[in-house]
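One structure is given below, encoded as structure tokens.
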Amino acid sequence: MKDGLYLKTRHYIGFLQLGDIKLIIRPKIEKFDLMQLIVYVLNLQKIDLKNTSYNFDNMGFIDLLIIQLEREIRKFWRKGFLKSYELKGKNLSTIRGKLDIRNIVSQGGIRSAQIPCNYYDRSNNNLINQILVSGLKLGIQLTTLQEIRINLIQLYKTLKMSIDPINLNLKNFKKANRMLNRLSRAYEPILNLVFLLWSRNVPNIYGKYEELPLPGFLLDMNKFFEDLLSKFLQESLPDYEVQPQYSFSDMISYNPKYNPKKRQMKRRIFPDIVIFKDSKSFAVLDAKYLVPL
């Protein structure tokens, strides 16, 4: 604009750094109430965030998410992180596991007191824990308060002594979710929280992510409201099947009387929520964070 800056935020909340300008988009819902809804949707542990030493008066919503992340990670740290067997190959003075025959042959036999071995070592340096540590690193970058950043840095430095941080990407999140079993299922909520912080990228309806070109964090409230309603309906309608973003291919078709070329309608439609009863669609719902009156 000629005399200023005009911005339209639509259904996103969070913050963006525009050079020297920091844009903060506050939710219509009180931040503590919104935090409780996120705890419900992600199945996180309920924590009394107000009962801490932090000053919440000037705290942004993103800081509440990061405090929740810190508390969740400390909980797993106290209990002991998930351990898994990791294949290692080293030259050892005592045989452990299996001899690394390929390595022995390539070096022309055993030429020293160190014997090449392949063995499995039980370690907490696995993908799931690596994502948690990387989530801490991301929290350090995103938090707006120095006191939170100091606590995160101290915890991050301690944990990375035994757990390697990795690059957060969609491939690693999917792989970590495939690793979940009855022993590691308790990690699913915190993995979802790290994913929420990471996906400050803007998703489209096809599940693809485009990198946000500006520093900051944006939460799509339409998508969150859809997830909230989906979970509530799944719990409230045990005799029905609730499917978010269900793909319909037969909702729109050509009128046979006016389709001489026998064309097929290829466009697929993705309603926010579809409710099924006895394998038949019972209701099609549209979830919106803001509906104009």
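First residue of the sequence shown: 131, per my numbering; consecutive thereafter.
Virtual Cβ for every residue (Gly too), placed ideally from N, Cα, C.
Which first and last residues belong to the beta strand (DSSP E) in which residue i is found?
i    : result
K218 : S214 to L222
P246 : I245 to S253
L174 : From DSSP, L174 is part of no beta strand (DSSP E); its letter is neither H nor E.
Q198 : Not the beta strand (DSSP E): Q198 falls in the alpha helix (DSSP H), residues F191 to K209.
DSSP puts residue i in a beta bridge; with which residues?
i    : result
K410 : K407
L272 : DSSP output for L272 lists no bridge partner at all.
V372 : I405
F145 : I154 and F347
Over what stretch of residues does the alpha helix (DSSP H) that includes residue i continue unbroken?
i    : result
L298 : It is not in any alpha helix (DSSP H) - L298 carries neither H nor E in the DSSP assignment.
Q364 : M351 to S366
I448 : Residue 448 is absent from the structure shown; the chain starts at 131 and stops at 423.
F325 : E318 to W328
Residue i and residue j look like a contact to me (Cβ under 8 angstroms); what is the Cβ gap, rounded to whole Å?
i    : j    : result
F355 : K418 : 7 angstroms
L298 : L199 : Not really, about 13 angstroms apart at Cβ, beyond 8 angstroms.
V171 : K361 : 6 angstroms
T274 : G190 : 5 angstroms
I192 : L272 : 6 angstroms
L195 : L327 : 6 angstroms
Between the alpha carbons of residue i and residue j, how many angstroms are there, rounded?
i    : j    : result
I403 : Y249 : 49 angstroms
L268 : R241 : 46 angstroms
S236 : P246 : 11 angstroms
K353 : L167 : 13 angstroms
I405 : I278 : 42 angstroms
K205 : R232 : 43 angstroms
Y384 : K391 : 10 angstroms
I320 : K290 : 18 angstroms
K161 : N254 : 35 angstroms
L137 : R156 : 14 angstroms
K407 : N311 : 30 angstroms
Y370 : S292 : 46 angstroms
Inset, instruction - Spell out a yes or no on whether the stretch 346-356 and the stretch 143-158 are touching, meaning 3 or more CB-CB pairs, one atom from each, closer than 8 angstroms. - result: yes
Legend entry - Cβ contact (3+ pairs, closer than 8 angstroms) linking the stretch 255-266 and the stretch 204-222: The stretch 255-266 vs the stretch 204-222: in contact.
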